[in-house]
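Visitor: Sending over a structure as structure tokens; questions will come in a sec.
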Amino acid sequence: MLELRVEDSGVVKVQGRLDAAESDRALATLEKLPGPLTLECSQLEYISSAGISVIMQTWKRLNSQGSSLRLVGLTPRVRNVFGFAGLDKVLDIQ
Amino acid sequence: MQKAVSRRMESLAILVDFVREFLETEKLSEDLSFDIDLVLEELFTNLVRHGRGEGDVEVDLSLVDGEVLIRLRAAEPSPFDPTAAPRVNANLPMEQRRAGGLGIHFVRQLCHIFRYEWTDGVGTTLVVMGVTE
């Protein structure tokens, strides 16, 4: 189960599992939000390629608008998945 | 251990429970669930999204010589070979990347054996991953 909690000042707390069963709902939520955005991921337990795709689409949308996306608080396992994709070098991950 | 699940995204929750049942049965750490979930999800969703067959997907998990074997069997009218998926260039800048296509890339990263065979209308994908706790 995934929960996205939109907080003030462009911070979105991401909790649970961002998998193929949840990716459409996650994208629909993020698509409505203006940038810049920070995804706070300390409670993100799991991510698959479907979740990575949501992050990439959100980055592309914000980048095309001259805005930005930042990810913070990733667990080592979630960060590994970004590393497999080579995205740890090109996304703003802290 | 074997489990048959229908070809829809909602089956992922069943597979998550199945992986935990497997780890408990084999007395393996739940810490291993992340990588097994990832490989299983990517192979399964690839079948759901792009496969041309119908009917359930049979998933088999086993522990052999300290390695986890994952086997998926599914009816397919013609070969649908995930090992033939194009390689992903993980070194491109974001502007040149397209969203999608990473699932099989992850399987290749995590599994040292990745095979597919198709016989009599049934495709079988086999992957083997090391167990590191």
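These protein sequences, in sequence, are chains A and B. Residue 2 is where the first sequence starts when you use my numbering, and the numbers rise one by one after that. Residue 25 is where the second sequence starts when you use my numbering, and the numbers rise one by one after that. Glycine included, every Cβ here is placed at the ideal spot set by N, Cα and C. Model, not experiment: these values are computed from the prediction.
Just list the residues that DSSP pairs residue 142 of chain B with in beta bridges.
Guide: What you label residue 142 of chain B is simply residue 118 of the second sequence in a count that begins at 1. In the DSSP output, where bridge partners are listed per residue, residue 142 of chain B has B:147.
Visitor: Report buried or exposed for residue 145 of chain B, applying the criterion of at least 16 other Cβ atoms within 10 angstroms of its Cβ.
Guide: As a first step, residue 145 of chain B is located in the second sequence; it is residue number 121 there, counting from the start. The residue in question, residue 145 of chain B, is exposed, as its Cβ has fewer than 16 Cβ neighbours within 10 Å.
Visitor: Please list the segments of the beta strand (DSSP E) lying wholly inside the segment 55-93 of chain B, counting only runs of 3 or more residues, in order along the chain.
Guide: Within the segment 55-93 of chain B, the complete beta strand (DSSP E) runs of at least 3 residues are 81-88.
Visitor: Starting from the Cα of residue 50 of chain A, find the closest Cα among A:9, A:94, A:35 and A:87 and give me that residue.
Guide: Translated into the one-based positions of the first sequence, residue 50 of chain A becomes position 49. Nearest C-alpha to residue 50 of chain A: A:87.
Visitor: Span of the alpha helix (DSSP H) holding residue 84 of chain A?
Guide: What you label residue 84 of chain A is simply residue 83 of the first sequence in a count that begins at 1. Counting along the chain, the alpha helix (DSSP H) containing residue 84 of chain A begins and ends at 77-85.
Visitor: Use the C-beta contact count for residue 49 of chain B: other C-beta atoms within 10 angstroms, 16 or more gives buried, fewer gives exposed.
Guide: Residue numbering aside, residue 49 of chain B sits at position 25 when the second sequence is read from its first letter. Exposed, because fewer than 16 other Cβ atoms sit within 10 Å of the Cβ of residue 49 of chain B.
Visitor: What is the rounded straight-line gap between the Cα of residue 20 of chain A and the Cα of residue 130 of chain B?
Guide: Working through the first sequence from its first residue, we reach residue 20 of chain A at position 19. Working through the second sequence from its first residue, we reach residue 130 of chain B at position 106. For residue 20 of chain A and residue 130 of chain B, the distance between alpha carbons rounds to 14 angstroms.
Visitor: Compare the C-beta of residue 58 of chain A with all C-beta atoms of chain B and state if any pair is closer than 8 angstroms.
Guide: Within the first sequence, residue 58 of chain A is the residue found at index 57, counting from 1. Closer than 8 angstroms to some Cβ of chain B, the Cβ of residue 58 of chain A qualifies, so yes.
Visitor: For chain A, is any of its Cβ atoms less than 8 angstroms away from the one on residue 36 of chain B?
Guide: Along the second sequence, one-based indexing puts residue 36 of chain B at 12. Chain A, which has a Cβ nearer than 8 angstroms to the Cβ of residue 36 of chain B, makes this yes.
Visitor: With a threshold of 6 angstroms on Cβ separation, who are the neighbours of residue 150 of chain B within its own chain once the five nearest residues in sequence on each side are excluded?
Guide: Sequence index remark: in the second sequence, residue 150 of chain B carries index 126 (1-based). The answer, listed in chain order, is 95 and 139.
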